[in-house]
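In my numbering, the protein residues as written are 15 to 348.
In structure tokens, the structure reads:
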């Protein structure tokens, strides 16, 4: 049985991450299971588009193209999907590097034809060299990484995490693309959840679909110094609440908040208990982690309330993403 061809999409937007982008591409080119192609989708930055085009003009398996939709990560991903040719489409953050067997583990997950998505484990690379003592592992999603509470090994999940994920092409034929208006938009408020909304929509369109998390498919994600600060932590958790309100508006609160209920009733109380125990034993960071968990929950809840009100009033809008161009890998490159 032939293994499915895998296209890798990396969405980029700023020259400030130039070295990170080069490292991300290099990690894909060094995979033990080679990618069919790597697509760099540039989000409305002509200077970066031209610079990357020059950088990779002699590299046949790397293509550089412009985001064909509105500014933002979702439209960039949809552009990459349309231009790709692989049966499987993998997504890698522009400030992350993949371990050598990353794509091999992804491809392995698709031996069952019902599998529509496979995600991996994202490990933080802290700018300061180590995790801040106050930063709870339960909130590593704040910096785009796998967090305490996710299942280990290979397990079925409601949704994969977008910066380290792959989908079967037919998943997009069934459910459409990433929704615009939910996720990241350059340097604006750090919203998210576009992959959550897509995965729930996919499961509705294909009730037999299986979505997997394989923690052997590892990438290492750079966390800049500004994201190690409590101010960013608070802003990001509030933005997550705003995003979750849009997801609930799109797919209903039942599915939209299914995993979050378990997270808030089981995972976070256990984190508070560990932090309190460490504080009583005089260990560094215990009290800080307790405070961060409480503050993070409060900020996310506040964002959810505000986001729900705005969504009901029509102050914020989003739409199911369209895949520009023809389906089935017939897209072109710039």
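Quick reminder that beta carbons are idealized off the backbone N, C-alpha and C, glycines included.
State the Cα-Cα distance for the pair residue i and residue j, rounded to the nearest angstrom.
i           : j           : result
residue 319 : residue 113 : 39 Å
residue 141 : residue 245 : 16 Å
residue 336 : residue 292 : 49 Å
residue 71  : residue 219 : 39 Å
residue 91  : residue 173 : 17 Å
residue 351 : residue 67  : Past the edges of the chain, shown from 15 to 348, lies residue 351, and the structure says nothing about it.
residue 315 : residue 321 : 10 Å
residue 169 : residue 294 : 35 Å
residue 94  : residue 256 : 26 Å
residue 210 : residue 259 : 12 Å
residue 345 : residue 184 : Here the model assigns residue 345 a pLDDT of 34, short of 50, so the residue's position is not dependable, and the following value carries that caveat. Those two C-alpha atoms are separated by around 15 Å.
residue 243 : residue 120 : 33 Å
residue 163 : residue 98  : 33 Å
residue 23  : residue 323 : 35 Å
residue 280 : residue 123 : 28 Å
residue 38  : residue 221 : 34 Å
Inspect the beta-carbon positions of residue i and residue j and report whether they are closer than 8 Å.
i           : j           : result
residue 301 : residue 289 : yes
residue 50  : residue 19  : yes
residue 128 : residue 214 : no
residue 30  : residue 235 : no
residue 89  : residue 81  : yes
residue 42  : residue 233 : no
residue 47  : residue 118 : yes
residue 176 : residue 229 : no
residue 171 : residue 212 : no
residue 87  : residue 25  : yes
residue 83  : residue 194 : yes
residue 285 : residue 165 : no
residue 139 : residue 261 : no
Would you identify the three-state DSSP class for residue i, choosing helix, strand or coil?
i           : result
residue 120 : helix
residue 73  : coil
residue 92  : helix
residue 180 : strand
residue 369 : Residue coverage of the chain in this structure runs from 15 to 348, which leaves residue 369 outside it and unanswerable.
residue 210 : helix
residue 50  : coil
residue 250 : helix
residue 282 : helix
residue 30  : helix
residue 295 : coil
residue 191 : strand
residue 148 : coil
residue 67  : helix
residue 167 : coil
residue 348 : With a pLDDT of only 34 at residue 348, under the threshold of 50, the placement of this residue in the model should not be trusted, and no figure is reported.
residue 236 : strand
residue 337 : coil
residue 141 : coil
residue 228 : strand
residue 303 : helix
residue 326 : helix
On a Cα-Cα basis, can you pick out the residue from the options that is closest to residue i?
i           : options            : result
residue 287 : 85, 308, 273, 275  : 308
residue 161 : 168, 167, 152      : 152
residue 77  : 159, 52, 216, 83   : 52
residue 310 : 247, 120, 243, 226 : 247
residue 338 : 27, 192, 125       : 192
residue 254 : 155, 40, 38        : 155
residue 64  : 27, 83, 96, 97     : 27
residue 282 : 305, 261, 262      : 305
residue 147 : 324, 326, 303, 122 : 303
residue 217 : 190, 45, 145, 107  : 190
residue 186 : 96, 38, 278, 40    : 96
residue 239 : 157, 45, 280, 262  : 157
residue 326 : 277, 263, 313      : 263
residue 115 : 231, 313, 280, 16  : 231
residue 273 : 207, 312, 56, 317  : 207
Does residue i come within less than 8 Å of chain D when only Cβ atoms are used?
i           : result
residue 302 : In the displayed structure, chain D is absent; only one protein chain is listed.
Contact between the stretch 56 to 75 and the stretch 118 to 135: three or more CB pairs below 8 Å?
Too few Cβ pairs lie closer than 8 Å, so no.
Segment contact flag, the stretch 172 to 182 with the stretch 91 to 110, C-beta cutoff 8 Å, min 3 pairs
Yes, since at least three Cβ pairs between the stretch 172 to 182 and the stretch 91 to 110 fall closer than 8 Å, the two stretches touch.
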